[in-house]
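Here is the structure we will look at, set down as structure tokens.
Numbering (our numbering), first residue to last: 21 to 611.
Dropping the structure here:
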């Protein structure tokens with residue numbers, strides 16, 4: 021048997037069929053940070069979020085510990101560039117100066133190198149387990165790839181004829197792509213309003229969601245109407261999560277059924293709930309959804325609300341035996357249980373021993389008959405018989421009855437544990453105070469937090485409000501002021517102070533701003549120095565020769581001008597014409 025281990029940088033969490041997400045999103049990056057184009061996002065296996073601020077040619081980074089880093093690139097970014105991060109932390113993007121030019125950028129050194137030149141703009145990027153880079157070319161209606169392991173690797177057409185169409189081997193505006201562990205390609209096709217799946221080596225795809233779905237079954241999937249889907253990702257079980265762009269929602273597809281995850285209530289007036297053109301979707305390792313909300317100019321985080329696979333909770337009835345004699349012998353048939361306790365709670369999973377009770381395994385549906393006979397030395401005898409029929413969930417567990425003197429407040433073998441929901445669940449987040457009983461609880465949230473469990477953060481100063489280690493100061497319940505470190509400026513300390521505004525480079529040098537500094541890029545090897553003020557010996561020599569020729573030319577022009585002026589003065593001022601004799605001789609010769 022061969023074991024294959026795949027190392028990936030993206031997340032594919034495992035969800036239960038009934039998992040839900042909070043519909044109120046948390047804005048991670050707003051328009052002041054992301055600009056006007058909220059499209060390219062990526063979340064790596066360390067839960068670091070990367071977002072493309074295309075307008076500013078910057079990459080926004082949100083680390084798991086909620087610290088931020090704004091990294092200006094040294095090149096322009098394409099309008100619809102995707103973003104992929106390798107295991108080594110190298111970022112793959114599309115350079116905006118040339119269509120299809122993919123660069124590998126290292127943010128720590130701010131250096132980039134071109135790794136691929138595809139024949140069209142890439143609206144989707146993906147790197148598979150073989151280190152092959154995929155590009156979905158929306159305008160060329162094709163998906164191509166090339167290996168990053170070999171610099172001489174050629175571009176290979178994966179699928180698509182290059183012409184727009186609705187055939188199974190054709191595309192109409194392909195956008196987001198995903199490649200699973202079996203190298204099966206999934207394509208979000210905006211123009212045909214569908215999701216296509218291509219097995220390895222196959223040119224003809226299968227429509228698995230949207231227009232022309234061919235998946236068999238009696239579920240609701242056949243009724244799913246997509247409108248320009250722009251992104252597709254898969255969870256651990258291969259279920260689809262689709263960014264349904266023009267419908268402004270995220271769709272989850274499980275087998276032959278679908279349901280809306282977020283952006284489902286189009287009539288909602290809640291700003292945090294509504295999406296406006298959901299362009300891209302990604303997971304973190306905990307199953308939280310990050311969505312590029314294109315026309316709202318922001319990146320939203322929708323946290324996982326529930327992920328429990330338990331559909332029911334069933335407790336079997338109890339049987340209590342009371343005796344009056346000081347010495348009692350109990351004989352139990354069918355269940356084969358011998359107890360000194362007075363309460364029995366049935367289970368169906370496995371043999372369990374707790375509080376002196378032994379219950380043998382049974383099937384999922386169990387009929388248990390308990391016949392208890394009590395005999396004592398006294399004249400009083402009590403006989404109790406009860407039959408219990410119960411159908412228990414396969415996920416049931418054995419829980420011993422709480423026999424503590426105060427079961428509403430304490431529990432455990434030694435009755436030293438609190439039985440309140442606050443102590444058991446510890447539900448209140450963000451330092452909220454839990455107030456509860458055995459049956460219910462409520463959270464008192466600190467200032468700036470609300471929600472049932474204080475899970476929503478509405479503070480003006482969040483850990484990621486001020487970037488680049490800036491200090492956030494709340495001026496009211498909704499306003500803030502960022503105090504930026506030296507070298508940074510802007511509402512969120514997002515921009516580097518441009519020191520080139522007050523400094524100019526000599527000899528046509530180009531000024532480049534740096535953090536708390538600037539540098540002058542001199543022309544070739546002719547100049548050097550802080551301001552390009554130092555000329556090379558060769559340049560000095562060329563300047564000297566050039567000046568010499570210039571001086572000679574000027575002297576020649578001056579000499580000619582002086583000669584002409586002198587001749588005119590002699591002729592018209594003094595009546596002396598030095599050329600008169602020669603002119604007369606020429607005239608006589610002509611006669």
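C-beta atoms are modelled at their ideal positions from N, C-alpha and C, and glycine is treated no differently.
For residue i and residue j, which I take to be in contact (beta-carbon distance under 8 angstroms), what is that distance rounded to the nearest angstrom?
| i | j | result |
| --- | --- | --- |
| residue 474 | residue 481 | That pair is no contact at about 17 angstroms. |
| residue 502 | residue 527 | At roughly 38 angstroms, the Cβ-Cβ gap does not stay under 8 angstroms, so residue 502 and residue 527 are not in contact. |
| residue 173 | residue 147 | At roughly 13 angstroms, the Cβ-Cβ gap does not stay under 8 angstroms, so residue 173 and residue 147 are not in contact. |
| residue 322 | residue 282 | 5 angstroms |
| residue 547 | residue 523 | Rounded, the Cβ-Cβ distance is 16 angstroms, inconsistent with contact. |
| residue 478 | residue 468 | 6 angstroms |
| residue 320 | residue 46 | 7 angstroms |
| residue 511 | residue 52 | 5 angstroms |
| residue 189 | residue 158 | Their Cβ separation, rounded to whole angstroms, is 17 angstroms, which puts residue 189 and residue 158 out of contact at 8 angstroms. |
| residue 194 | residue 163 | 6 angstroms |
Return the chain-ordered list of same chain residues with a C-beta closer than 6 angstroms to the C-beta of residue i, the five sequence neighbours on each side being excluded.
| i | result |
| --- | --- |
| residue 258 | none |
| residue 447 | 473 |
| residue 110 | 124, 126 |
| residue 520 | 531, 533, 538 |
| residue 508 | 488 |
| residue 294 | 288 |
| residue 115 | 95, 121, 123 |
| residue 455 | 462 |
Give me, in chain order, the residues of the same chain whose beta-carbon lies closer than 7 angstroms to that of residue i; leave out the 5 immediate sequence neighbours on both sides.
| i | result |
| --- | --- |
| residue 629 | Lying outside 21 to 611, the shown extent of the chain, residue 629 is not represented and no answer is given. |
| residue 277 | 239, 240, 241 |
| residue 29 | 64, 65, 105, 106, 107 |
| residue 76 | 55 |
| residue 325 | 40, 41, 42 |
| residue 137 | 120, 121 |
| residue 274 | 37, 259 |
In this structure, does DSSP put residue i in helix, strand or coil?
| i | result |
| --- | --- |
| residue 445 | helix |
| residue 552 | coil |
| residue 602 | helix |
| residue 511 | coil |
| residue 585 | helix |
| residue 492 | strand |
| residue 305 | coil |
| residue 572 | helix |
| residue 184 | strand |
| residue 43 | coil |
| residue 559 | helix |
| residue 520 | helix |
| residue 115 | strand |
| residue 103 | coil |
| residue 199 | strand |
| residue 129 | coil |
| residue 566 | helix |
| residue 579 | helix |
| residue 220 | coil |
| residue 54 | helix |
| residue 324 | strand |
According to DSSP, which residues form a beta bridge with residue i?
| i | result |
| --- | --- |
| residue 230 | 214 |
| residue 209 | 194, 214 |
| residue 279 | 272 |
| residue 530 | 541 |
| residue 264 | 249, 269 |
| residue 121 | 137 |
| residue 464 | 453 |
| residue 318 | 313 |
| residue 470 | 476 |
| residue 165 | 154, 176 |
| residue 300 | 312 |
| residue 144 | 156 |
| residue 596 | In the DSSP output, where bridge partners are listed per residue, residue 596 has none listed. |
| residue 30 | Answer by DSSP bridge pairing: none, since residue 30 is not bridged. |
| residue 438 | 430 |
| residue 49 | 319 |
| residue 500 | 494 |
| residue 487 | In the DSSP output, where bridge partners are listed per residue, residue 487 has none listed. |
Taking its Cβ as the centre, do 16 or more other Cβ atoms sit within 10 Å of residue i, making it buried, or is it exposed?
| i | result |
| --- | --- |
| residue 121 | buried |
| residue 213 | buried |
| residue 316 | buried |
| residue 318 | buried |
| residue 267 | buried |
| residue 145 | buried |
| residue 574 | exposed |
| residue 589 | exposed |
Output needed for residue i: all residues of its chain with C-beta closer than 8 angstroms, excluding positions within five of it in sequence on either side, in chain order.
| i | result |
| --- | --- |
| residue 151 | 167, 168, 169 |
Let me see if you follow: with CB-CB separation under 8 angstroms, is residue i close to chain C or not?
| i | result |
| --- | --- |
| residue 215 | Chain labels in this structure do not include chain C; a single protein chain is all it has. |
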